[in-house]
Amino acid sequence: MASQYLYSQETIVLSTVEKPPYVGEHLANKGFAIQVISEAFAEVNYDVKFEFMPYQRAMIAAKKGSVDGLAPTFVDPANTSFAYSNEFPGNIVGFLKKKTTDLTGYSDENLTEKERLDQLKSYHIGLVKGAGIHPALETDEYKTFYVKHDLQNIDKLAMDRLHLVAIDKYSAADALVNFRPHLIGDLTFMRPALAFHDFSIGFSKNKSDYEKHLKAFNKGLKLLEESGRLEAIQLAHGLYDVRHDQHLNTKKIVIATVDNYEMSVMQKLSKNFLEKNPGIEIEWRVLDENTLRQRLLSDIAITDGQFDIMTIGAYEAQIWARSGWIKPLENLPESYNVADVIPNVMQALSFEEKPYALPFYAESSMTYYRKDLFAANNLKMPAAPTYDQIASFAKKVHDPKNDVYGICLRAEPNWGGNIALLTTMANSYGGRWFDEAWQPTLDTSAWKMALKKYKDLLTQYGPPQFETNGFNENLKLFADGHCGMWIDATVAAGFLFNKDLSTVSDKVAVTAAPIGTTAKGSHWLWTWALAIPSSSQKSELAQKFITWATSEEYINLVAESEGWVSVPPGTRRSTYAQAEYVKAAPFSPLVLQSIEAADPIDSTELPKPYTGIQLVDIPEFAAIGYQAGIYMLEAVKGTISVDEALEKSQRFASQQMLKSGFYKKKMYMKRGIVR
């Protein structure tokens, strides 16, 4: 809640530059830096508008006073055009190298900074012009080479034209995940970091009230710091302070997980695990779904090694196991009863007949609807609805004057966001991601029908500001009574049917996920599972926790604490044999049927070379799905046409596959993808 500090309501305008993960139009809250600035100003009753521009335009606009300032930026005493605010956490600068480049001496904690840098004088170092990484690197003592963009340096590093790239840690990680996925696992960010460059706002001295704005921001920032909100924002974006080594405590396990209800129960009940295992500590890193995926893969991308347990899914498990990024879970105790785990769920988490992750819960997708609204409109939901029927129903139950919207759907752009649903829609219209020669097929009629139907549903019958809605946002909307229908994960049923959590628990009903022209691939298969990254030094402790959290014992513990309706679904046959569960969860037969019927191998009408229903089991898919998700959201918002979105997605996918060397047979063989 905003502070009552006495400033009148004002709006200021700041120019900014796209710089993931700190700034980005399609990031959660437009990125860490933007969220900090917005909330700090909100504390003192200011509204902020950000204008995204290329760097030079943003700088000139701020200097001239066309906007109130530039943000975020770095304090530069030589630049007298700006008055700089107090600083807040920013870049973590250091060196990116190939794993094969031996620089073990650099990490010697007994070295001074100068001694450490002296080791690099014979190496070719890539810098971005104007980035101001470190004063020493600007001297003639080092062999430095300048480019305009970080990606150019990363490409030169991959081609052995550089030995090192001086770069911000998280910018490097996100660049690899979003644009160079074929390099993930080949590079490492050297420890310790070279420098910490904190952010500031540069207020234009050409604006008469710049001092007032500066003072207001500083006051708001101080309030964020004092309340602990600044650190909370940093953690929510997965940006952790590495100035202190978290691995010094050999009994602490760091767990990265998703901010779903089921995981909050796991965190709450972990006290039972700790009581039985004295001396162990747990540090929780809880992130929204898209941020979690980004931060986990980026951790692997630069070999950062922050985590001991990662919450991953069916997409990551086999790819990461194949690449050696996660460890096999061997010698499971007999009491774990592996045979009790639903077969296609365990298969999705195994590689070469070894489990590399254990399922916390599993899900398919289905349709939730308000049976009271259907009854009031004389509607009957069929057992297998079509998307045309769904559109007809949405029109009739849409009642925005009373804050009830015909349908809620994932729209947040990401391969696990809008793309997950859109892919099942495209499958059901006869589409696929790639043909048998691995050529993208996003410019086909099936994808056009799917995207057009998706756009019509959201723009005509969806809630306002749907573009930021993911699983949790739609779950809240439905539970609070604002959605007539919702097509999403079966795991939500335990929340929506729980009278303590949902205002519509006695009004919700479920049926199968809709189809276009075929049922093939119309409902997904997913599992949130727990795995151990290869970088963890605490495998034994981590595996002990994982076996506990995914056991039958844990399910019974949840039933006792939260009620049978809330137990993790979709993992064990024994859960569905429990009379108490079947009674408490009337949706359970459809959930089990949907999970068991989901076939990641045979999920499209036309033959495909990949495994997956709502995803493609190649490392490139995270980058392709992320970019396609942005284009398709732009089509829904009307920024570009449906045809343009699909053409751009097709082009990006083709370029990424080509860049990755995917069409060379030797690359197929290297990755073990040829079947």
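In the numbering used here, the protein residues as written are 1 to 675. Using N, Cα and C, we set each Cβ at its ideal position, and we do this for glycine too.
Restricting attention to alpha helix (DSSP H) runs no shorter than 4 residues, the region 590-657 encloses them at 620-637, ordered along the chain. In this chain, the beta strand (DSSP E) harbouring LYS49 covers 46-52. For a cut-off of 8 Å, the C-beta gap from THR188 to THR303 is around 4 Å, short enough to register as a contact.
When only Cα atoms are considered, GLU109 and LYS169 end up about 19 Å apart. Secondary structure note for GLY494: its alpha helix (DSSP H) is the uninterrupted segment 493-496.
Nearest C-alpha to ALA42 among ALA166, LEU224, GLN56: LEU224. With respect to GLN234, PHE32 sits close: the two C-beta atoms are nearer than 9 Å. Judged by DSSP in its simplified three-state form, HIS124 adopts strand.
Distance between ALA411 and LEU451, taken at the CA atoms: about 12 Å. CA-CA distance, ALA40 to LEU221, rounds to 5 Å. With a cutoff of 9 Å on beta-carbon distance, MET366 and HIS523 are scored as near each other. The beta carbon of GLY570 lies closer than 6 Å to those of TYR361, ALA362, GLU363, ILE595 in the same chain, with the five residues before and after it left out. Annotation: the region 519-582 contains the following complete segments of the alpha helix (DSSP H) (minimum length 4 residues), in chain order: 539-549, 552-562, 573-576.
The beta carbon of THR423 lies closer than 6 Å to those of GLN614 in the same chain, with the five residues before and after it left out.
A Cβ-Cβ contact shorter than 9 Å links ALA384 with ALA519. By the C-beta density criterion, LYS207 is buried, having at least 16 other C-beta atoms within 10 angstroms. In the three-state reduction of the DSSP assignment, MET485 falls in the strand class. With three or more CB-CB distances shorter than 8 Å, the region 12-28 counts as touching the region 67-74. Ranked by Cα distance from SER536, the first of ALA492, THR250, PRO355, VAL508 is THR250. The distance from the Cβ of GLY484 to that of ILE407 is about 6 Å, consistent with a contact at the 8 Å cut-off. Note: THR367 is bridge-paired with ILE487, THR511 in the DSSP secondary-structure output.
A Cβ-Cβ separation of about 7 Å places LEU96 in contact with LEU164 under the 8 Å criterion. Within the DSSP bridge table, the entry for SER200 names THR73 as partners. Secondary structure at MET449: helix, using DSSP grouped into helix, strand and coil. A direct Cα-to-Cα measurement between TYR387 and ASP488 gives close to 14 Å. According to the DSSP assignment, GLU289 belongs to no beta strand (DSSP E) but to the alpha helix (DSSP H) extending over 289-301.
Counting only residues of its own chain and dropping the five nearest sequence neighbours on each side, ASP299 has a CB closer than 6 Å to the CB of GLN306. Inclusion of LEU477 and TYR405 in the CB contact set at 9 Å is warranted, their separation being smaller than that value.
In terms of Cα proximity to SER660, the closest of TYR336, ASP140, ASN178 is ASN178. Membership of MET159 in any beta strand (DSSP E) is not indicated, and neither H nor E is assigned to it by DSSP. The continuous beta strand (DSSP E) containing ILE312 extends over residues 309-312.
Using a Cβ distance threshold of 9 Å, ASP372 and LYS499 do not count as a contacting pair.
For TYR146 and ARG370, the gap between their C-alpha atoms comes out near 59 Å. Contact between LEU214 and SER85 is confirmed by a C-beta separation of about 6 Å, below the 8 Å threshold. Of the residues SER204, ALA301, ALA236, the one whose Cα lies closest to the Cα of ALA172 is ALA301.
Under the three-state reduction of DSSP, TYR429 is assigned to coil, being neither helix nor strand.
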